[in-house]
Amino acid sequence: MEYRKLGSSELSLSAITYGAFAIGGTMWGGNERKNSIDAIHASIESGVTTLDTAPFYGFGLSEEIIGEALQGRDRTKVQILTKFGLVWDGSNKGKGEHFFDLTDNGKEVSVYKYASKANVIKEVEESLVRLRTDYIDLLQIHWPDGSTPIDETMEALAALIRQGKIRAAGVSNYSVSQLEEAAKTISIASNQVAYSMLNRAIEKDLVPYTTDHNIGIIAYSPLERGLLSGKYFADAKLKADDHRNGYFGQFDPEKVKALIGKIQPLAQSKNATVAQLVLRWTSLQKGITVVLAGARNAEQAISNAGAMDFTLAADELQFINTQLSKL
Ligand SMILES: NC(=O)c1ccc[n+]([C@@H]2O[C@H](COP(=O)([O-])OP(=O)(O)OC[C@H]3O[C@@H](n4cnc5c(N)ncnc54)[C@H](OP(=O)(O)O)[C@@H]3O)[C@@H](O)[C@H]2O)c1
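Going by my numbering, the sequence shown opens with residue 191, and the numbers climb by one from there.
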């Protein structure tokens, strides 16, 4: 495993960071708790020291599982990254920005973006309880909330750093102009954004800005939520309540299948799977600090950590990039 410094912060994170969205179950067709705990333990045993979660993932369940999985372990050897600013329980009383609605276990849920100072402080206290810890390594606003001035949210983060409740402040899904606004109040360690072989939008403006300003990038959904493993073109099936039934629709299956077919021999030559090749390529792209890979079980977790066990030479990266340019 490689460990990389996150922007201007003092945090050193594992280049493959464990993503705990799917183990929350909601939107992902559920997950077995034991498999989730095993995935976290297997990640740590494979050199992954960093875990990324959010209150929204499983409406608290993902954080709770991480808290349970870390019991009896040295807290200082792992970095917990979590978030705030998505509210689903009505506690925002209509304030904030409506984001989307979803059905969870037959119940209609309205999700709001809400990042007022009071709400940030409240959410952090709840996260600390679920995570069974007294500090969070990196706290990130989950999505920009257009109804709260950015400086108000950033002041809350600055106060939490002063109190020792968080070690560093991050954002997620922020644009360059939102980063510029946040920088007026606080030093931002990182921006967590979508990035994969199939979604390279950040390369245009965001990566040049974060590189120039020493802000880390935490790349999420690098496997395009499992699609880039190739298994959904073979025999893997999605449950009815899995959001990927819609999500995968944005990609042209023939093009993705063709891409996977082209890069498969290179993966094989490295004794790697296509998923590992995809993660390794992602970790080598300009400006990317860590690759946030989700895993539901120990097998996936071990495989994802193994993406850092081989490297790609310049001509191999070029070969992949040529295939990507044909998409
Ligand atoms: N900030 C944000 O707005 C935001 C948004 C999305 C994600 N994230 C973060 O980024 C993390 C990673 O993104 P993600 O979970 O959305 O997607 P991802 O990492 O691209 O894909 C994860 C999914 O792919 C499948 N998978 C994982 N490893 C595999 C392997 N080795 N072989 C075959 N299949 C494998 C698993 O699902 P199946 O087995 O069911 O196929 C897994 O749940 C999240 O967990 C979360 O921490 C943040």
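Cβ atoms here follow ideal geometry from the backbone N, Cα and C, with glycine treated the same way.
{"Query": "What residue does the alpha helix (DSSP H) around T343 start on, and which one ends it?", "Result": "340-352"}
{"Query": "What would DSSP say about D431, mapped onto helix, strand or coil?", "Result": "coil"}
{"Query": "Report back the beta-carbon spacing between S199 and A348 to the nearest angstrom; my notes put them in contact at under 8 Å.", "Result": "At roughly 14 Å, the Cβ-Cβ gap does not stay under 8 Å, so S199 and A348 are not in contact."}
{"Query": "Does any heavy atom of ligand 1 sit closer than 7 Å to the C-beta of E298?", "Result": "no"}
{"Query": "Between the alpha carbons of P398 and V446, how many angstroms are there, rounded?", "Result": "27 Å"}
{"Query": "Enumerate, from N- to C-terminal direction, the unbroken alpha helix (DSSP H) stretches of 4 or more residues contained entirely within the region 423-486.", "Result": "434-437, 443-459, 464-473"}
{"Query": "Return yes when the C-beta of Y410 is under 7 Å from any heavy atom of ligand 1, and no when it is not.", "Result": "yes"}
{"Query": "Could you tell me if the beta carbon of A465 falls within a distance shorter than 7 Å of some heavy atom in ligand 1?", "Result": "yes"}
{"Query": "Who are W218's beta bridge partners in DSSP?", "Result": "D432"}
{"Query": "Can you tell me the Cα-Cα spacing of V480 and L203, whole angstroms?", "Result": "7 Å"}
{"Query": "Report yes or no: do the region 399-416 and the region 470-484 share at least 3 C-beta pairs separated by less than 8 Å?", "Result": "yes"}
{"Query": "Taking the beta carbon of D425 as the centre, do at least 16 other beta carbons fall within 10 Å, making it buried, or is it exposed?", "Result": "exposed"}
{"Query": "Exposed or buried, what is P455 when buried is set at 16 or more other beta-carbons lying within 10 Å of its beta-carbon?", "Result": "exposed"}
{"Query": "For my contact list, I270 and S226 are in at a C-beta cut-off of 8 Å; report their separation, rounded to the angstrom.", "Result": "Contact doesn't hold; Cβ gap of about 15 Å is too wide."}
{"Query": "Should Y208 and D264 be called a contact, given that it needs their Cβ atoms to be closer than 8 Å?", "Result": "no"}
{"Query": "Use the C-beta contact count for A232: other C-beta atoms within 10 angstroms, 16 or more gives buried, fewer gives exposed.", "Result": "buried"}
{"Query": "Could you tell me the boundaries of the beta strand (DSSP E) in which T293 lies?", "Result": "287-294"}
{"Query": "For K303, is the classification buried or exposed, using 16 other Cβ atoms within 10 angstroms of its Cβ as the cut-off for buried?", "Result": "buried"}
{"Query": "Taking its Cβ as the centre, do 16 or more other Cβ atoms sit within 10 Å of D335, making it buried, or is it exposed?", "Result": "buried"}
{"Query": "Please classify S367: is it buried, with 16 or more other beta-carbons within 10 angstroms of its beta-carbon, or exposed?", "Result": "exposed"}
{"Query": "Just checking, does the region 322-339 make contact with the region 273-293 on the three C-beta pairs under 8 Å criterion?", "Result": "yes"}
{"Query": "Is DSSP giving E313 helix, strand or coil here?", "Result": "helix"}
{"Query": "Work out the CA separation of A244 and Q330 for me, nearest whole Å.", "Result": "9 Å"}
{"Query": "Compute the minimum distance between the beta carbon of A413 and the heavy atoms of ligand 1, and state whether it is under 7 Å.", "Result": "Going by the sequence as given, residue 413 is Leu instead of Ala. Yes - ligand 1 has a heavy atom lying nearer than 7 Å to the Cβ of L413."}
{"Query": "Answer yes or no: the CB of G209 versus the heavy atoms of ligand 1, is any distance below 7 Å?", "Result": "yes"}
{"Query": "Taking the alpha carbon of N531 as the reference point, which residue from N295, K307, T293, T266 has its own alpha carbon closest?", "Result": "Look at the range of the chain in this structure, 191 to 517, and you will see that residue 531 is not part of it."}
{"Query": "Can you pull the DSSP bridge partners for F274?", "Result": "I331"}
{"Query": "State the CB to CB distance for the pair G296 and L328, rounded to an integer number of angstroms; the pair is presumed to be in contact (CB under 8 Å).", "Result": "G296 to L328, Cβ: 35 Å. No contact."}
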